[in-house]
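Engineer:
Number of protein chains: 2
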Amino acid sequence: MLSERQMMILRAVVRDFTNTGVPVGSKALAKQLPIHVSSATIRNEMAALEDQGLIKKTHSSSGRIPSVEGYRYYVDNLVKPDPLRPNDMDVIQSSLGGDFHKIDEIISQSATILSNLTSYTAFTLKPELKDSRLSGFRLVPLGKRQVMAILVTDSGDVENQTFDVNETVTGDQLEAVVRLINDQLVGLTLPEVLQKLQADIPMKIANYLQSPEGFLDIFGDVLTRAAKEQFYVGGRLNLLNFSEDSDVDSLKSLYSLIDKTDDIANVLGQPSDKISVQIGNEMTNDALRNFSLITATYDVNQHGKGMIAILGPTRMPYSRMLGIVGAFREELAKKLLDYYRFYDE
Amino acid sequence: MLSERQMMILRAVVRDFTNTGVPVGSKALAKQLPIHVSSATIRNEMAALEDQGLIKKTHSSSGRIPSVEGYRYYVDNLVKPDPLRPNDMDVIQSSLGGDFHKIDEIISQSATILSNLTSYTAFTLKPELKDSRLSGFRLVPLGKRQVMAILVTDSGDVENQTFDVNETVTGDQLEAVVRLINDQLVGLTLPEVLQKLQADIPMKIANYLQSPEGFLDIFGDVLTRAAKEQFYVGGRLNLLNFSEDSDVDSLKSLYSLIDKTDDIANVLGQPSDKISVQIGNEMTNDALRNFSLITATYDVNQHGKGMIAILGPTRMPYSRMLGIVGAFREELAKKLLDYYRFYDE
DNA sequence: TCTTAGCACTTGTATCGTTTGAGTGCTAAA
DNA sequence: TTTAGCACTCAAACGATACAAGTGCTAAGA
Numbered sequence: 285m286l287s288e289r290q291m292m293i294l295r296a297v298v299r300d301f302t303n304t305g306v307p308v309g310s311k312a313l314a315k316q317l318p319i320h321v322s323s324a325t326i327r328n329e330m331a332a333l334e335d336q337g338l339i340k341k342t343h344s345s346s347g348r349i350p351s352v353e354g355y356r357y358y359v360d361n362l363v364k365p366d367p368l369r370p371n372d373m374d375v376i377q378s379s380l381g382g383d384f385h386k387i388d389e390i391i392s393q394s395a396t397i398l399s400n401l402t403s404y405t406a407f408t409l410k411p412e413l414k415d416s417r418l419s420g421f422r423l424v425p426l427g428k429r430q431v432m433a434i435l436v437t438d439s440g441d442v443e444n445q446t447f448d449v450n451e452t453v454t455g456d457q458l459e460a461v462v463r464l465i466n467d468q469l470v471g472l473t474l475p476e477v478l479q480k481l482q483a484d485i486p487m488k489i490a491n492y493l494q495s496p497e498g499f500l501d502i503f504g505d506v507l508t509r510a511a512k513e514q515f516y517v518g519g520r521l522n523l524l525n526f527s528e529d530s531d532v533d534s535l536k537s538l539y540s541l542i543d544k545t546d547d548i549a550n551v552l553g554q555p556s557d558k559i560s561v562q563i564g565n566e567m568t569n570d571a572l573r574n575f576s577l578i579t580a581t582y583d584v585n586q587h588g589k590g591m592i593a594i595l596g597p598t599r600m601p602y603s604r605m606l607g608i609v610g611a612f613r614e615e616l617a618k619k620l621l622d623y624y625r626f627y628d629e
Numbered sequence: 285m286l287s288e289r290q291m292m293i294l295r296a297v298v299r300d301f302t303n304t305g306v307p308v309g310s311k312a313l314a315k316q317l318p319i320h321v322s323s324a325t326i327r328n329e330m331a332a333l334e335d336q337g338l339i340k341k342t343h344s345s346s347g348r349i350p351s352v353e354g355y356r357y358y359v360d361n362l363v364k365p366d367p368l369r370p371n372d373m374d375v376i377q378s379s380l381g382g383d384f385h386k387i388d389e390i391i392s393q394s395a396t397i398l399s400n401l402t403s404y405t406a407f408t409l410k411p412e413l414k415d416s417r418l419s420g421f422r423l424v425p426l427g428k429r430q431v432m433a434i435l436v437t438d439s440g441d442v443e444n445q446t447f448d449v450n451e452t453v454t455g456d457q458l459e460a461v462v463r464l465i466n467d468q469l470v471g472l473t474l475p476e477v478l479q480k481l482q483a484d485i486p487m488k489i490a491n492y493l494q495s496p497e498g499f500l501d502i503f504g505d506v507l508t509r510a511a512k513e514q515f516y517v518g519g520r521l522n523l524l525n526f527s528e529d530s531d532v533d534s535l536k537s538l539y540s541l542i543d544k545t546d547d548i549a550n551v552l553g554q555p556s557d558k559i560s561v562q563i564g565n566e567m568t569n570d571a572l573r574n575f576s577l578i579t580a581t582y583d584v585n586q587h588g589k590g591m592i593a594i595l596g597p598t599r600m601p602y603s604r605m606l607g608i609v610g611a612f613r614e615e616l617a618k619k620l621l622d623y624y625r626f627y628d629e
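Listed in order, the protein sequences are those of chains A and B. Counting from 285, one number per residue, gives the positions in the first sequence under the numbering used here. Counting from 285, one number per residue, gives the positions in the second sequence under the numbering used here.
Rendered as structure tokens:
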């Protein structure tokens, strides 16, 4: 249990340190705090906070910095999201104000906006209906030897790919493949489709084509791309600002991490309605030791929920960031509802 | 004019420095050179080379490093491409050996291979017929409210984009737009199309649709994407290895540079049949001051010419790099000829 | 005329003791 | 419980010194 005064001190330590990056000492705090006590008193309280593992020293006679547990306590109990700066709201509204013809444009644009507002790295995922289903597959011949495969899901995702075909493939054969896939697979969820694709489909298709592997590969390719959660990243380069001792190796693993869909999905974790903050080594991934991740969902009613996130140094101004993320999720939800309303009815 | 001995010394200075990164002194050279002269003699020769601006000191009593002019002389007159290491050839052939269904896969894979072989950053452009022409445009309705726009050029490039449409648009209208574009624009080069698009097309289309802007925007979008030279990058992260004093700002501008299609096209420059080397500030772009760029074309006969390039620190082992680039351009050309042969006839 | 030994000189790097200043913990008095 | 005072710790900055690598120049030898 912390006393009121201890909370006040912890809050001040976090604030100061996130602003300046310098360990904060008792004297500075005494001057700054609203209550009037001597630095010696502060020292006693700080010793108590240190005993509880909330703050720590960088060396035996230094000022204190928050420990991971200290940040955690601060985020859970002490912080209050800053109201958005008026200018920030303008930025959001004008950047989202344009006319969009694709959900993906809005989502990708959002990543950029978020990274600009925060000067950190931002991630956005589009609203996702879990269990989206295959609603159609086509092979469209283009010119002489090219075919485009197009896969559509019932949630409106479109995935496509162009590939070259040998002349010996006829239009009839393409038709047959398409019909087979549509007859057998439409309406199933994507994982179900993937599973069937490995089980009974190859046998059936053998009736239509002598060498079907090519087509099944293509279809499988497009399918796995569609099943993967697509996300957008904004402000990649901002990570360079926080490389501390410019540790090239850890930077590299960080970048490899954020470019791998699967990994980042793990890191972001399960959606929750509250804004969630993960601090430093609370995340299992070692490359993120000195970073914090703020994630939030946004809700587009029957169109599902999406996610936004920002990744910055553990020492980030949490109150401001929470304010930005909180406001942005709402603006984005509004924008998307508008968008769907326009195209839905 | 350089004497034989001076050339020998310059070559040794470049070799040594690119290998070790340490300025090279007269004593080390005396020990290493095939001829038997004292360090004092070497010093005299080095003074001469310095007078000609080919080498320079980092401070008044240091060993010498090559100047940009020195590298240039070395590359133009002294270097001989290393033969490929046997292992490297294996890597190339097995990485290019697989079965591909798209040119782009081969080209993108090539960027990865090149960056792996060199541990620098690699660029690849696919073979390009200059003046490729619009050969078709389609609008394919997908599900309820989505349409995919597909543009095909006579060189086989396909560019596409999905977008949402309001329900009030009818299939007939789509048909009309497509017919208009195909009637009026097919057969023209892409720049011509772009130009017409701004001139007389909007007026004509107004006869078919009340609010045509949306469609023209989409078409324009896809068109500009198709007109842009697409390139692939491999080993982006390798740039981090050469950040010297970890100058974050210059790293950032470097990355912005290689992500901008237009800029990088400028940097790569005009294709030439010889392998070309650009050294440090020979490139106008300031972010590249400490880098060198090796570019080479590859020739796929009637399918045009493409380009490969690697970007690494000015202090790179040129002989090895020239060997790799030289060998790779040929392997790639071979692979592509095979590929076209299979799909062409 | 070219080469070389020798030497004085320059400079970056490393090492080491010193000082300074910010900050701590502890004690004892208010 | 608070606070003044004091001894103590440690990082950072600083200066002196030594060292090593390398240079240019001079003068003698081939």
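In this text, a Cβ means the ideal position worked out from N, Cα and C, and glycines have one as well.
(1) What residue ranges within the stretch 514 to 538 of chain B form continuous alpha helix (DSSP H) runs of no fewer than 4 residues, ordered along the chain?
(2) If you check the beta carbons only, do T437(A) and S416(A) fall under 8 Å apart?
(3) Out of M292(B), T396(B) and H320(B), point me to the one whose CA is closest to M330(B)'s CA.
(4) Specify the secondary structure class of K488(B) as computed by DSSP and reduced to three states.
(5) Any idea what DSSP makes of A483(B), helix, strand or coil?
(6) So what's G455(B) in DSSP terms, helix, strand or just coil?
(7) Any idea which residues DSSP pairs Y582(B) with across the strands?
(8) Measuring CB atoms only, is the stretch 286 to 304 of chain A touching the stretch 321 to 335 of chain A, in the sense that at least three cross pairs come out at less than 8 Å?
(9) Starting from the C-beta of K311(B), find all residues in its chain whose C-beta is less than 6 Å away, skip the five residues before and the five after it, and write them out in chain order.
(10) Let me check one thing: in DSSP terms, what residues is P601(B) bridge-paired to?
(11) S345(B): buried (16+ other C-beta within 10 angstroms of its C-beta) or exposed?
(12) E615(A) and L380(A) look like a contact to me (Cβ under 8 Å); what is the Cβ gap, rounded to whole Å?
(13) At what residue ranges does the stretch 405 to 442 of chain B contain a whole run of the beta strand (DSSP E), taking only runs of 3 or more?
(14) Within 8 Å (strictly less), CB to CB, does V477(B) reach chain A?
(15) Using the beta-carbon of each residue, which ones in chain B are nearer than 7 Å to L521(A)?
(16) Residues of chain B with CB closer than 9 Å to the CB of M432(A), please, in chain order.
(17) Counting only beta-carbon separations shorter than 8 Å, does D448(B) have a partner in chain A?
(18) With a threshold of 8 Å, are at least 3 pairs of Cβ atoms found where one atom belongs to the stretch 404 to 414 of chain B and the other to the stretch 509 to 525 of chain B?
(19) For the alpha helix (DSSP H) that contains R356(A), what are its first and last residues?
(20) Excluding five sequence neighbours on each side, which residues of the same chain lie with their C-beta closer than 7 Å to the C-beta of I349(B)?
(21) Do we get a CB-CB distance below 8 Å when we pair R429(A) with the residues of chain B?
(22) With a cut-off of 8 Å, does the C-beta of L418(A) fall near any C-beta of chain B?
(23) Output yes if chain A places a C-beta closer than 8 Å to the C-beta of H587(B); else output no.
(24) How is L338(A) classed by DSSP in three states: helix, strand or coil?
(25) Let me know if T446(A) comes out buried or exposed under the rule of 16 or more other beta-carbons within 10 Å of its beta-carbon.
(26) So which residues of chain A does Y627(B) contact, with C-beta pairs closer than 8 Å?
(27) Give the DSSP-derived three-state secondary structure of S560(B) in the structure shown.
(28) If the cut is a Cβ gap below 7 Å, which residues of chain A does V532(B) touch?
(29) Just tell me which of F421(B), D533(B), A611(B) and G588(B) has its CA closest to the CA of I502(B).
(30) Look at the alpha carbon of L458(B) and the alpha carbon of A433(A), and state the distance between them as a whole number of angstroms.
(31) Give the residues of chain B in contact with K386(A), contact being defined as C-beta atoms less than 7 Å apart.
(32) Going by DSSP, name the residue or residues bridged to D448(B).
(33) Can you pull the chain B residues whose beta carbon is under 8 Å from the beta carbon of I502(A), in chain order?
(34) Would you check if the stretch 560 to 569 of chain A and the stretch 367 to 374 of chain A touch, i.e. whether three or more CB-CB distances between them fall below 8 Å?
(35) Just the C-alpha distance for V359(B) and T581(B), rounded to the nearest angstrom, thanks.
(36) CA-CA distance, A395(A) and I592(A)?
Structural biologist: So, to answer that:
(1) none
(2) yes
(3) Among M292(B), T396(B) and H320(B), the Cα nearest to that of M330(B) is on M292(B).
(4) helix
(5) coil
(6) helix
(7) G590(B)
(8) yes
(9) S323
(10) None, per the DSSP bridge assignment.
(11) exposed
(12) 6 Å
(13) 405 to 412, 418 to 426 and 430 to 437
(14) no
(15) Result: K536 and Y539.
(16) V424, M432, I434, V442 and N444
(17) yes
(18) yes
(19) V352 to Y357
(20) F301, P307, I339, K340 and T342
(21) yes
(22) no
(23) No - not a single Cβ of chain A is within 8 Å of the one on H587(B).
(24) Correct three-state label for L338(A): coil.
(25) buried
(26) R429, D448, V449, N450 and E451
(27) strand
(28) L524 and N525
(29) Selected option, being the one with the closest Cα: F421(B).
(30) 21 Å
(31) What K386(A) touches in chain B: T446, F447 and D448.
(32) According to DSSP, residue pairing for D448(B) in a beta bridge involves Q430(B).
(33) H385
(34) These segments do not touch.
(35) 18 Å
(36) Straight through space, the alpha carbons of I592(A) and A395(A) are spaced by roughly 8 Å.
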